[in-house]
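K.L.:
Numbering (the working numbering), first residue to last: 58 to 220. All residues carry an ideal CB built from backbone N, CA and C; glycine is no exception. Since the structure is predicted, the reported quantities are computational estimates derived from the model, not experimental observations.
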Amino acid sequence: MTFSSTQTRGLITLKTMGSFLLFLTVVMGGGIAIGTLTAPGDWYANLQKPFFTPPNRIFGPVWTVLYLMIAYVGWRLWQHENPASLKQLWIVQMVLNFLWSPVFFAAQQPALALAIILSLLLIVAAFIKVAWHADRLSALFFAPYVAWVGFAAALNTAIVFLN
Numbered sequence: 058m059t060f061s062s063t064q065t066r067g068l069i070t071l072k073t074m075g076s077f078l079l080f081l082t083v084v085m086g087g088g089i090a091i092g093t094l095t096a097p098g099d100w101y102a103n104l105q106k107p108f109f110t111p112p113n114r115i116f117g118p119v120w121t122v123l124y125l126m127i128a129y130v131g132w133r134l135w136q137h138e139n140p141a142s143l144k145q146l147w148i149v150q151m152v153l154n155f156l157w158s159p160v161f162f163a164a165q166q167p168a169l170a171l172a173i174i175l176s177l178l179l180i181v182a183a184f185i186k187v188a189w190h191a192d193r194l195s196a197l198f199f200a201p202y203v204a205w206v207g208f209a210a211a212l213n214t215a216i217v218f219l220n
């Protein structure tokens with residue numbers, strides 16, 4: 058059986074869509090699971106927080122958009138020829154990202170969480186720098202992410218110093 062070019066493109070599209078759904082499931086599913094399992098509780102509510110702390114209802118929508126972008130960038134990296142260093146940076150940022158909430162909220166270790174989020178900030182910034190030449194769109198998609206992680210690092214820093 059032979060496929061026409063239209064049928065072949067359709068198969069590639071299904072394969073491509075399947076791989077995107079895999080990235081989306083891992084990133085969004087991981088983020089939702091970690092967020093649910095380590096939801097802020099009484100301990101967090103009783104911490105002294107800086108004046109620039111946003112309401113809790115802001116975090117879910119922001120992270121939803123960021124995780125969609127992170128999943129898309131990860132998928133792009135594995136769909137195209139990109140330096141191995143970009144893929145490694147993407148994996149490391151995911152590990153640090155998924156590690157922060159359990160350390161901050163579940164282990165209640167804001168100082169250790171600060172070390173993690175500062176590392177995450179450096180890795181995301183490094184990703185943007187490397188991606189700028191290899192995959193500019195991925196670099197641009199990580200710009201809001203680095204901004205949010207920078208804000209979250211400032212918030213984490215203030216919590217450490219206030220408590």
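Taking only three categories from DSSP, how would you classify S176?
P.N.:
It is helical.
K.L.:
Whose C-alpha, out of G75, K106, V119, is nearest the C-alpha of Q136?
P.N.:
Comparing Cα-Cα distances from Q136 to each of G75, K106, V119, the minimum goes to G75.
K.L.:
Count the CB pairs spanning the region 112 to 125 and the region 168 to 188 that are closer than 8 Å, and state whether there are at least three.
P.N.:
Taking 8 Å as the limit for Cβ pairs, the verdict is that the region 168 to 188 does not touch the region 112 to 125.
K.L.:
Check whether the region 151 to 160 and the region 85 to 94 are in contact - that is, three or more C-beta pairs closer than 8 Å.
P.N.:
Contact between the region 151 to 160 and the region 85 to 94 is present, because at least three Cβ pairs lie under 8 Å.
K.L.:
Ordered along the chain, which non-local residues of its own chain (more than five positions away) have a Cβ less than 6 Å from that of N220?
P.N.:
L104, Q105, listed in sequence order.
K.L.:
Can you have a look at W147 and say buried or exposed, based on whether 16 or more other CB atoms are within 10 angstroms of its CB?
P.N.:
With 16 or more Cβ atoms within 10 Å of its Cβ, W147 is classed as buried.
K.L.:
Going by C-alpha to C-alpha distance, which of V203, S195, L212, T110 sits closest to V33?
P.N.:
Outside the displayed span of the chain (58 to 220) sits residue 33, for which this structure offers no information.
K.L.:
Below 7 Å between beta carbons: does that hold for V160 and L169?
P.N.:
Yes, Cβ-Cβ distance for V160 and L169 is below 7 Å.
K.L.:
Roughly how many angstroms lie between the CA atoms of M200 and I127, to the nearest whole one?
P.N.:
According to the sequence displayed, residue 200 carries Ala and not Met. Spanning the two alpha carbons is a distance of roughly 11 Å.
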